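So in my numbering the end of the sequence shown lands on 543, straight run, no missing numbers. Cβ atoms here follow ideal geometry from the backbone N, Cα and C, with glycine treated the same way. Predicted model only: the values in this text are computed from it and were never measured. To start, the structure under review is shown below, and the notes come after it.
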Amino acid sequence: MYKLPGKLIRFKLSIAIPLAILLMHTFATAVFAHHAEIEAVSTCLATGDNRVDYVVRSWTGSGSAGLHNNVTVQYILDNGQTFNLPTGAFTDANQRQFSGSFVVDGAIAGGWIKADPVGPWGSGVNYDSSDPNGDARSTRFVGASHCKIDDFGDAPESYGDAYHEIVPYMTIGEIVDAEGGSQYSSGADGDDLNAQNGEADDEDGVVFVNGVGAPGSTNNQLQVSVFNHKLTRVNHTVGDKFGEVSYSKNNGTNTWLGEWRESEDPNGSASGGRIHINNGKLYLNDSPDTGQTPEIQRCVDLSNSWSATLTFDYSTPDTLETEDRIAVSVWTPYTGWETLWTFSGRENGQFDADISNYISNNTCIKFEVTQGYGASNEYFAVDNVQIKYSQLENTGAKVYLSGWIDFNGNGVFDSTEKVINDLEINNSAQLQNVTLPYTVPVDAVSGQTYARFRLSCEMGTQPTGAAGADVGEVEDYVVTIPQVPTPTPTNTPVPPTPTLTSTPVPPTNTPTSTAAPPTATLTNTP
18 MYKLPGKLIR
28 FKLSIAIPLA
38 ILLMHTFATA
48 VFAHHAEIEA
58 VSTCLATGDN
68 RVDYVVRSWT
78 GSGSAGLHNN
88 VTVQYILDNG
98 QTFNLPTGAF
108 TDANQRQFSG
118 SFVVDGAIAG
128 GWIKADPVGP
138 WGSGVNYDSS
148 DPNGDARSTR
158 FVGASHCKID
168 DFGDAPESYG
178 DAYHEIVPYM
188 TIGEIVDAEG
198 GSQYSSGADG
208 DDLNAQNGEA
218 DDEDGVVFVN
228 GVGAPGSTNN
238 QLQVSVFNHK
248 LTRVNHTVGD
258 KFGEVSYSKN
268 NGTNTWLGEW
278 RESEDPNGSA
288 SGGRIHINNG
298 KLYLNDSPDT
308 GQTPEIQRCV
318 DLSNSWSATL
328 TFDYSTPDTL
338 ETEDRIAVSV
348 WTPYTGWETL
358 WTFSGRENGQ
368 FDADISNYIS
378 NNTCIKFEVT
388 QGYGASNEYF
398 AVDNVQIKYS
408 QLENTGAKVY
418 LSGWIDFNGN
428 GVFDSTEKVI
438 NDLEINNSAQ
448 LQNVTLPYTV
458 PVDAVSGQTY
468 ARFRLSCEMG
478 TQPTGAAGAD
488 VGEVEDYVVT
498 IPQVPTPTPT
508 NTPVPPTPTL
518 TSTPVPPTNT
528 PTSTAAPPTA
538 TLTNTP
């Protein structure tokens, strides 16, 4: 089995993203061809400004490496300014060689943070290159990604470090900065972009509504702003098992850009000629020996892919000689054709090559008879051709928010002090605001203390150490637990003493005699 590394230049850079992400330190690893001088330009800041990331110089005959001596190198400082990279900022250049290419992995001197490239989350790398010696393999940048940057907690040392790799699809609040570990500080601002001087503070994701509650309080609220547009690496394939006599078959999860195309074969069809399909295999030869170079190629769209691998099975008859040769090549609009491997003589097995450095929207592979194969019993048979590639896609994955408040003030985040426990944050292209209730224990200690909030891809994140899958963000806060209010004493009112008053008695009625009416005297009238 052949396993080949990619042989083109591969450089992964930052892109502007739709968040106000402030990158304090950005650096990268460059793979470059022998003697090639490359100047890389990227949009590493959210402002979209193009900045020169850095310039590397090719190896000299003695094997040394370093910065370009004649080019001004701009770099993003921790205060957002740009200036010339000082002498000594790029030190201890370690090298390794594979297949004629070199990798320079530069360590950063004190005060600088090294960030390896990962990604990709976009495209659009501008570049300039020169090849003064005329022997560069290639100077084309392939792909693009954000500069890998790290985020650590910055509460006092007793609380321990909490590590995340910052990614543009997953943040607490809108502002993110990068720093090395052990940025401990009493103000929990040791990792901020000069926050101590009144500049940007990345602790912008959590608001304690009306402050932290007093011991025993239950009606407290947190307002948290989180962003989750997490991308998941998804594998795809294009392939052909040659199960039918056709140049248009697709045996993968995705389809090729078109069918197989022959050249220098008079027949030009899948059913016959110097190149044809028979018994489930693709056959190549140059019989009768014309001295031509029959070839067949097929292309695929690998846009926005992170990695790509070419595999196929091959076999030859025992009659071949070393002068009989087949070349396997790959092509992109940026590189032209480049040979991955040449087979000579009798060979059987499986070919496996990393073609990640040939990712493009039109990547082609080619099988070509470059010499020999003129006898009637000579052939190169190919089967199970496959290109496997991975892309970052939005699959709706959730992320998880956890938070702690050091209620007892003992300088650590205890398990009982977790106020947010793996809160699920759904996938959304927008910043999400969440209001959460929490209770302050009755035995909480009043005074200054600290809080920590972590956003992670996995559940079960602890207050210290690396987050699940490493990516996410951590924010530390200084908070104050107030005293329990002391009730103000009030006088108990004394009821008044009742005063007796006399009740008036109604007068007694005295009976009086009633005069009798006079008695009438009858008289006679004469």
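Thr339 by DSSP, collapsed to three states: which one? coil
For Val241 versus Val223, is the C-beta distance shorter than 8 Å? yes
Which runs of the beta strand (DSSP E) fall wholly inside the stretch 449-476 and span at least 3 residues, in chain order? 449-455, 464-473
Would you report the Cα separation of Glu441 and Ala344, rounded to the nearest angstrom? 52 Å
Pull up the CB-CB distance for Gln189 and Phe470, whole angstroms please, since I reckon it's below 8 Å. Reading the sequence as shown, one finds Ile at residue 189 and not Gln. Contact holds; Cβ gap of about 6 Å.
Going by C-alpha distance, which of Ala172, Gly230, Asn252 is nearest Thr412? Asn252
Taking its Cβ as the centre, do 16 or more other Cβ atoms sit within 10 Å of Glu492, making it buried, or is it exposed? buried
Please report the straight-line C-alpha distance between Phe368 and Tyr264, rounded to a whole angstrom. 21 Å
Go to Asp306, then tell me how far its beta strand (DSSP E) extends in each direction, as first and last residue. Where Asp306 is concerned, there is no enclosing beta strand (DSSP E), given that its DSSP letter is neither H nor E.
If I follow the unbroken beta strand (DSSP E) through Gly420, where does it start and stop? 416-422
Integer-rounded CB distance, given that Asn237 should sit under 8 Å from Val457: 6 Å
Closest by CA to Tyr390, which one among Leu301, Gln403, Val347? Leu301
Hey, how far is the Cα of Glu220 from the Cα of Thr249? 27 Å
Could you check the C-alpha separation between Ile294 and Ala287 for me, to the nearest Å? 5 Å
Burial state of Gly377, where buried means 16 or more other Cβ atoms lie within 10 Å: Looking at the sequence itself, residue 377 is Ser, so the reference to Gly does not match. Buried.
For Leu274, which beta-bridge partners are listed by DSSP? Beta-bridge pairing links Leu274 to no other residue.
Supposed contact pair Val317 and Ile192 - C-beta distance, whole angstroms, cut 8 Å: With a Cβ gap of about 40 Å, Ile192 and Val317 do not count as contacting.
8 Å contact criterion, which Ser199 and Asp178 should meet: CB distance rounded: 7 Å
Rank Leu327, Val184, Met187 by C-alpha distance to the C-alpha of Asp400 and give the top, closest one. Leu327
Contact between the stretch 329-346 and the stretch 380-399 is defined here as three or more beta-carbon pairs at a separation below 8 Å; is this criterion met? yes
Pull up the distance between the alpha-carbon of Gln314 and that of Thr380, whole angstroms please. 10 Å
Might you give, ordered along the chain, the residues of its own chain that have their beta carbon closer than 7 Å to the beta carbon of Leu357, omitting 5 neighbours on each side? Leu21, Val345, Ser346, Val347, Ala370
Check this for me: beta carbons of Val416 and Lys266, under 8 Å apart or not? no
Is the separation between the beta-carbon of Tyr180 and that of Gly482 shorter than 8 Å? yes
Give the straight-line distance between the Cα atoms of Gly366 and Ser407, rounded to the nearest whole angstrom. 25 Å
Would DSSP call Asn284 helix, strand or coil? coil
Local Cβ density within 10 Å of Met187, reported as buried at 16 or more and exposed below that: buried
Leaving aside the five residues before and after Gly228 along the sequence, list all residues of the same chain whose C-beta is less than 6 Å from its C-beta, in chain order. none
For Ser432, name the three-state secondary structure that DSSP assigns. helix
Is the beta carbon of Ile422 sitting closer than 8 Å to the one on Thr352? no
Grouping DSSP H, G and I as helix and E and B as strand, with all else coil, what is Ser265? coil
Which one or two residues does DSSP pair with Lys558 in a beta bridge? No answer is possible for residue 558: the residues shown for the chain start at 18 and end at 543.
Give every residue of the same chain whose Cβ lies closer than 8 Å to the Cβ of Gly574, excluding the five residues on either side of it in the sequence, and list them in chain order. The structure shown has nothing for residue 574, since the chain only spans 18 to 543.
Residues bridged to Trp348 (per DSSP): Trp354, Cys381
Consider the Cβ of Ser242: report whether some Cβ of chain B lies at a distance smaller than 8 Å. The structure shown has no chain B; it contains just one protein chain.
Under the assumption that Thr310 contacts Asn394 (Cβ atoms under 8 Å), give the Cβ distance between them as a whole number of angstroms. That belief does not hold up - the Cβ atoms of Thr310 and Asn394 are roughly 20 Å apart, past 8 Å.
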